[in-house]
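Scroll down for the structure; my scribbles are underneath it.
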Amino acid sequence: MLLQSVVAVTSDTHPLSGTIAAWIWLLPVLPLAGFVINGLLSLNSVHFGPGDPNTPDHHPHSEGAAEAPERSHREDAGAVGDDHHAVRRHRWAGVTSVVGPAVLILAFLLALGIWRAMTGVQMDAPYIQTYFSWMPVGDLHVNVAFQLDQLSMVMILVVTGVSALIHIYSVGYMQDDPGYPRYFAYLNLFVFFMLMLVLGANYPVMFVGWEGVGLCSYLLIGFWFNDKANADAGKKAFIVNRIGDFGFLVAMFMLFANIGVLDFVGINAKAVELGVGSGLVTAICLFMFLGCTGKSAQIPLYIWLPDAMAGPTPVSALIHAATMVTAGVYLIARSAALFSLSPVASLTVAVVGAVTAIFAATIGLKQWDIKKVLAYSTISQLGYMFVGVGVGAYVSGMFHLVTHSFFKALLFLGSGSVIHAMHRGYHATHSHEDAQDMRNMGGLRKYLPVTWVLMWIATLAISGIPPFAGFFSKDEILGQVFARAQGSNLAAASWLGMPGSAVLYAIYAIGLIAALMTAIYMTRMMLYTFHGPNRTGVVEAGHLGEAPWTMTAPVVVLGILTVAGGWLNLPRVITGIVPLGRAEVLDHWLEPTVGSATARLSEGAREVPASTEQLIMALAILIAVAGIAFAIVRLKSAQLVPKRDALPEEGFEKIVANKYYVDEAIDRTVVDPTYRISKSFLWRFVDAGVIDGLLVNGSAALARGFGWIGSRLQTGNVGIYAWFLVFGVVALLGAFTLR
Amino acid sequence: MLAESLALTAALFIIGVMGVLIHRNVIIIFMCVELMLTAVNLTFVAFSRQYGPAGQVFVIFVMTVSAAEAAVGLAIIIAIYRHRQTVNLKDINLLRG
Numbered sequence: 063m064l065l066q067s068v069v070a071v072t073s074d075t076h077p078l079s080g081t082i083a084a085w086i087w088l089l090p091v092l093p094l095a096g097f098v099i100n101g102l103l104s105l106n107s108v109h110f111g112p113g114d115p116n117t118p119d120h121h122p123h124s125e126g127a128a129e130a131p132e133r134s135h136r137e138d139a140g141a142v143g144d145d146h147h148a149v150r151r152h153r154w155a156g157v158t159s160v161v162g163p164a165v166l167i168l169a170f171l172l173a174l175g176i177w178r179a180m181t182g183v184q185m186d187a188p189y190i191q192t193y194f195s196w197m198p199v200g201d202l203h204v205n206v207a208f209q210l211d212q213l214s215m216v217m218i219l220v221v222t223g224v225s226a227l228i229h230i231y232s233v234g235y236m237q238d239d240p241g242y243p244r245y246f247a248y249l250n251l252f253v254f255f256m257l258m259l260v261l262g263a264n265y266p267v268m269f270v271g272w273e274g275v276g277l278c279s280y281l282l283i284g285f286w287f288n289d290k291a292n293a294d295a296g297k298k299a300f301i302v303n304r305i306g307d308f309g310f311l312v313a314m315f316m317l318f319a320n321i322g323v324l325d326f327v328g329i330n331a332k333a334v335e336l337g338v339g340s341g342l343v344t345a346i347c348l349f350m351f352l353g354c355t356g357k358s359a360q361i362p363l364y365i366w367l368p369d370a371m372a373g374p375t376p377v378s379a380l381i382h383a384a385t386m387v388t389a390g391v392y393l394i395a396r397s398a399a400l401f402s403l404s405p406v407a408s409l410t411v412a413v414v415g416a417v418t419a420i421f422a423a424t425i426g427l428k429q430w431d432i433k434k435v436l437a438y439s440t441i442s443q444l445g446y447m448f449v450g451v452g453v454g455a456y457v458s459g460m461f462h463l464v465t466h467s468f469f470k471a472l473l474f475l476g477s478g479s480v481i482h483a484m485h486r487g488y489h490a491t492h493s494h495e496d497a498q499d500m501r502n503m504g505g506l507r508k509y510l511p512v513t514w515v516l517m518w519i520a521t522l523a524i525s526g527i528p529p530f531a532g533f534f535s536k537d538e539i540l541g542q543v544f545a546r547a548q549g550s551n552l553a554a555a556s557w558l559g560m561p562g563s564a565v566l567y568a569i570y571a572i573g574l575i576a577a578l579m580t581a582i583y584m585t586r587m588m589l590y591t592f593h594g595p596n597r598t599g600v601v602e603a604g605h606l607g608e609a610p611w612t613m614t615a616p617v618v619v620l621g622i623l624t625v626a627g628g629w630l631n632l633p634r635v636i637t638g639i640v641p642l643g644r645a646e647v648l649d650h651w652l653e654p655t656v657g658s659a660t661a662r663l664s665e666g667a668r669e670v671p672a673s674t675e676q677l678i679m680a681l682a683i684l685i686a687v688a689g690i691a692f693a694i695v696r697l698k699s700a701q702l703v704p705k706r707d708a709l710p711e712e713g714f715e716k717i718v719a720n721k722y723y724v725d726e727a728i729d730r731t732v733v734d735p736t737y738r739i740s741k742s743f744l745w746r747f748v749d750a751g752v753i754d755g756l757l758v759n760g761s762a763a764l765a766r767g768f769g770w771i772g773s774r775l776q777t778g779n780v781g782i783y784a785w786f787l788v789f790g791v792v793a794l795l796g797a798f799t800l801r
Numbered sequence: 047m048l049a050e051s052l053a054l055t056a057a058l059f060i061i062g063v064m065g066v067l068i069h070r071n072v073i074i075i076f077m078c079v080e081l082m083l084t085a086v087n088l089t090f091v092a093f094s095r096q097y098g099p100a101g102q103v104f105v106i107f108v109m110t111v112s113a114a115e116a117a118v119g120l121a122i123i124i125a126i127y128r129h130r131q132t133v134n135l136k137d138i139n140l141l142r143g
């Protein structure tokens with residue numbers, strides 16, 4: 063308690079002060095401690111456990127040198143050599159297995175305690191803990207402070223809860239990797255930064271977390287950096303995110319320049335000074351949204367996320383599905399006071415979200431890599447979230463964020479179990495087939511029954527089949543779009559010359575079509591992976607099997623959450639018919655944080671009659687069922703051939719399978735010109751010519767020139783020096799006399 | 047009386063300066079430097095008639111120093127001559143930049 067009084071300078075009048083909520087500073091400190099411990103252990107990675115015949119006794123103390131030959135490429139079967147057999151368990155793997163997940167479990171328990179404390183008090187203002195003054199420069203006063211309110215609480219629970227599960231899963235998945243402590247160090251560090259992002263009471267603190275999660279994402283995508291493709295994927299993610307971060311920074315600068323505050327409480331109070339619907343607030347919001355498109359993989363900056371699947375599968379589940387990529391949605395919900403002032407910016411967010419949702423869904427239809435399907439599905443679902451927060455239904459967006467983190471983490475972890483099993487099969491026969499390609503799978507239902515059931519639950523959830531979580535959240539977003547299209551501040555605004563209501567109806571239609579595609583591609587994935595004949599090969603099939611309990615248990619928990627997640631925010635229409643429980647819990651919970659912003663955008667909205675709502679809901683279910691049925695009827699898993707025998711796609715299918723050649727187009731239009739300009743202009747002309755030639759060597763030449771002139775005076779002839787002397791004396795005397 | 051003496055010393059001094067500037071032979075230049083010192087000494091004496099004996103004290107002082115300077119200067123000239131077989135300034139330009 064002594065530490066408590068030293069660390070926190072808090073407003074004592076807040077109802078939460080004095081409760082367990084005073085310990086929020088411990089939330090990020092726990093994973094940070096895990097990072098330090100695991101990081102230190104990972105420095106000692108050259109020693110392997112006893113019993114290993116190849117244990118080097120004395121090895122240079124350098125991680126890279128020691129790990130390089132033994133690293134196992136579990137993800138990328140195309141690049142594996144004999145290192146399949148090199149199971150090099152790290153010397154400290156046992157310690158890491160305890161420390162890594164334990165700090166997260168503790169953090170989750172603490173988060174639960176804080177949540178209990180919050181439900182017990184009437185809380186109108188956020189609870190803010192200020193630790194120290196960070197940037198007191200002129201008019202800029204930025205404190206390192208954490209803010210606890212209903213919105214950050216939702217994120218804290220999701221982040222710590224899903225992280226804890228995925229950390230436990232990672233124990234099973236990564237245990238035999240030589241870089242095991244390093245992996246957990248990065249993962250702990252990621253959670254630390256994610257909690258900084260979520261808890262920050264102002265944009266700069268949030269930005270530290272925002273950059274930090276980007277760094278950890280980069281480190282974990284390139285975790286198996288010996289393979290150049292993985293390292294390149296990490297770099298791509300980092301560079302693409304920099305473009306978005308530039309937008310976030312500019313938005314911060316504009317905010318400070320115009321209203322002089324950067325903390326959320328101050329902005330909520332002063333945002334109206336920017337002017338409702340003014341160009342300024344629209345510009346701020348659009349720059350901020352640029353940051354979101356980077357972090358949350360929306361058009362045009364989504365291209366890094368599919369490549370990010372190069373990282374270990376639990377990383378894809380945690381960072382690239384459940385938590386980090388949703389930071390953009392959280393940012394917009396957090397900045398609801400700003401976005402609600404600008405219907406144009408809000409509509410832009412919704413349109414980009416809708417276009418991304420359908421665009422990524424079409425690509426997902428033709429992917430063969432099981433993780434790529436899920437990656438495009440993530441992009442598509444993030445698009446839904448942006449539609450939600452874009453139309454001012456901030457609660458719906460957050461709701462979908464929460465449920466998506468459950469079912470998508472489940473899907474990724476399930477695919478991890480599948481890949482794990484496939485690897486064991488190929489390991490047994492020394493085969494170098496692609497363990498992630500669905501054409502090589504098939505019929506896994508028999509070997510992975512638990513994973514099969516759980517992944518079907520998640521598939522039904524993401525497709526929008528009641529009563530699973532995804533149905534409620536996706537339906538709520540579409541329902542909100544429809545309700546606002548009928549007449550609201552958004553519908554009254556004009557977007558690029560189009561009436562807002564037409565735009566909203568279009569978004570609704572796109573959302574429905576994307577939902578149909580979601581159902582199709584998810585069912586396709588399930589059919590090709592788990593149903594039909596087995597295509598792994600007879601010997602391999604004998605080695606397929608369920609993963610250890612550390613991996614299945616978290617997936618089971620996520621499965622329960624996927625089933626129950628919808629109860630967070632049941633629509634009134636349903637509770638009116640079937641008494642399932644309290645309706646609109648999340649709506650009520652988030653009301654103090656985003657309520658006024660929601661009201662500002664939906665002002666003038668007509669109450670949608672219950673019959674219409676039921677119709678919308680029925681339509682959504684119908685579309686989901688149609689999608690699943692279409693996939694089951696049309697896709698013949700039996701006709702699939704393994705990847706090595708497969709014919710390349712043709713026509714439009716080829717275009718989709720190649721992701722519309724977006725990467726190629728960006729290479730052609732952005733990367734290559736940048737490279738060429740850098741090489742010819744920036745390097746040869748600016749750097750070598752101007753900087754090195756003109757400025758550096760030029761100034762040297764100038765000095766030498768003057769020196770040469772001076773040296774001509776040094777004739778070495780004393781007579782001439784005497785002449786100079788005399789002239790100097792005469793001149794001085796003359797000057798003094800004449801003065 | 048003072049004015050005439052000062053005119054004389056000034057003339058002597060300028061003759062010395064011009065000698066230093068124009069001549070090439072180090073020995074002659076050296077003699078011209080001595081001439082300049084003598085001119086200064088004369089000035090001191092001329093002023094001492096008016097302002098008391100302090101100027102004459104300075105003359106003794108200057109003569110002492112110039113004697114030492116003559117010794118050192120001649121030694122340098124001899125050293126240069128031994129080294130380069132010349133006392134012509136035109137040929138002594140080791141310090142040219």
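Keeping their order, the protein sequence lines are chains A and B. End of the first sequence = 801 in our numbering, gap-free, step of one. End of the second sequence = 143 in our numbering, gap-free, step of one. C-beta atoms are modelled at their ideal positions from N, C-alpha and C, and glycine is treated no differently. A quick note: this is a predicted structure, and the numbers were derived from the prediction, not measured.
Under the DSSP assignment, residue 248 of chain A falls in the alpha helix (DSSP H) whose first and last residues are 242-261. In the three-state reduction of the DSSP assignment, residue 71 of chain B falls in the strand class. Between residue 682 of chain A and residue 624 of chain A a beta carbon distance of about 18 Å is seen, past the 8 Å cut, so the two are scored as non-contacting. At the C-beta level, residue 784 of chain A and residue 67 of chain B come within 8 Å of one another. Taking the C-beta atoms as reference points, residue 632 of chain A is found nearer than 8 Å to residue 646 of chain A. Sorting A:398, A:96, A:377 and A:731 by C-alpha distance to the C-alpha of residue 457 of chain A places A:398 at the top.
One thing to note: residue 628 of chain A has its Cβ within 8 Å of the Cβ of residue 534 of chain A. Each of A:251, A:764 and A:158 was checked against the Cα of residue 90 of chain A, and the nearest Cα belongs to A:251. Counting only residues of its own chain and dropping the five nearest sequence neighbours on each side, residue 596 of chain A has a CB closer than 6 Å to the CB of 504, 505 and 603. Interface flag for residue 797 of chain A against chain B is unset, since no Cβ pair is found closer than 8 Å.
Chain B places no beta carbon closer than 8 Å to that of residue 765 of chain A, leaving this residue out of the contacts. Considering only beta carbons, the part of the stretch 779-790 of chain A lying closer than 7 Å to chain B consists of 779, 780, 781, 784, 785 and 788, in chain order. Annotation for residue 735 of chain A: the continuous alpha helix (DSSP H) segment containing it runs 734-739. At a cut-off of 8 Å between beta carbons, residue 731 of chain A makes no contact with chain B.
In chain order, 403 place their CB closer than 8 Å to the CB of residue 334 of chain A, counting only its own chain and leaving out the 5 sequence neighbours on each side.
In the three-state scheme derived from DSSP, where H, G and I count as helix and E and B as strand, residue 703 of chain A is classed as coil. Judged by beta-carbon spacing, residue 359 of chain A lies within the 8 Å limit of residue 367 of chain A, meaning their Cβ atoms are closer than that value. With respect to the C-alpha of residue 209 of chain A, the residue from A:290, A:187 and A:453 having the closest C-alpha is A:187.
Going by C-alpha positions, residue 415 of chain A is about 5 Å away from residue 449 of chain A. According to DSSP, residue pairing for residue 632 of chain A in a beta bridge involves A:645.
Only 135, 136, 138, 139 and 140 from the stretch 126-140 of chain B bring a Cβ to less than 8 Å from some Cβ of chain A. It is roughly 39 Å from the alpha-carbon of residue 131 of chain B to the alpha-carbon of residue 795 of chain A.
Distances from the CA of residue 601 of chain A to each of A:702, A:173 and A:486 were compared; the closest alpha carbon is that of A:486. Going by C-alpha positions, residue 677 of chain A is about 20 Å away from residue 690 of chain A. Taking 8 Å as the cut-off, the Cβ atoms of residue 206 of chain A and residue 193 of chain A count as close. Cβ-Cβ separation between residue 82 of chain B and residue 59 of chain B: approximately 5 Å, consistent with a contact (criterion under 8 Å). Remark: three or more beta-carbon pairs, one from each stretch, lie closer than 8 Å, so the stretch 169-177 of chain A and the stretch 218-232 of chain A are flagged as touching.
Three or more beta-carbon pairs separated by less than 8 Å link the stretch 425-442 of chain A to the stretch 576-585 of chain A, which places the two stretches in contact. Judged by DSSP in its simplified three-state form, residue 203 of chain A adopts strand.
For residue 490 of chain A, same chain residues with a beta-carbon under 8 Å away, outside a window of 5 residues either side, are 601, 602, 604 and 605 in chain order.
Against chain A, a Cβ distance below 8 Å from residue 67 of chain B picks out 781, 784, 785 and 788. Bridge partners of residue 134 of chain B according to DSSP: B:71. Annotation for residue 610 of chain A: 234 place their beta carbon closer than 7 Å to its own, counting only its chain and skipping 5 residues before and after. For the options A:797, A:792, A:778 and A:793, the alpha carbon positioned closest to that of residue 138 of chain B is the one of A:778. Within the stretch 50-66 of chain B, 63 and 66 place their CB atoms closer than 8 Å to a CB of chain A, listed in sequence order. Within chain A, the residues whose beta carbon sits less than 7 Å from that of residue 142 of chain B are 776, 777 and 778, listed in sequence order.
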